[in-house]
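Here's the structure we're looking at; comments come further down.
In the numbering used here, the protein residues as written are 5 to 135.
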């Protein structure tokens with residue numbers, strides 16, 4: 005790269021490259037959030053996307069200021085849905101059924117291997133209760 009002759013040229017090049025990549029990430033997350041939001045109808049989604057294409061920087065700032073809290077809530081809700089889905093999937097493909105796990109825990113309680121509190125925790129875990 006012949007145009008980067010001094011240390012400051014490198015500094016500014018790296019700075020603007022970082023800003024550009026961060027801006028692209030912000031745009032991608034905003035577009036994902038626009039289509040994830042079920043409270044917006046199709047016309048409003050189209051308006052947000054059109055403004056993001058033609059006036060991207062100002063639209064991104066307005067979106068983050070106006071809808072930033074909702075963006076975080078939708079993201080957290082979607083993460084919780086993913087966790088619940090994966091827990092259900094793991095539970096469905098595991099070899100032991102909840103009744104088998106409870107029976108094993110009851111046998112360990114009867115043997116004195118575990119306490120009543122530990123048995124209750126294992127029973128709640130086998131039934132899918134959240135702690």
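For each residue, glycine too, the CB sits at the ideal point set by N, CA and C.
Residue state for residue 73 is assigned as helix, using DSSP reduced to three classes. About 7 Å separates the beta carbon of residue 120 from that of residue 113, a gap short enough to meet the 8 Å contact definition.
Straight-line measurement puts the Cα of residue 71 at about 25 Å from the Cα of residue 87.
For residue 117 and residue 75, the gap between their C-alpha atoms comes out near 48 Å. Under the three-state reduction of DSSP output, residue 41 falls in the coil class, being neither helix nor strand. Between the region 48–55 and the region 91–109, the count of C-beta pairs closer than 8 Å stays below three; the two stretches do not touch.
Just measuring C-alpha positions, the residue of 85, 102, 35 and 27 sitting nearest residue 49 is 35.
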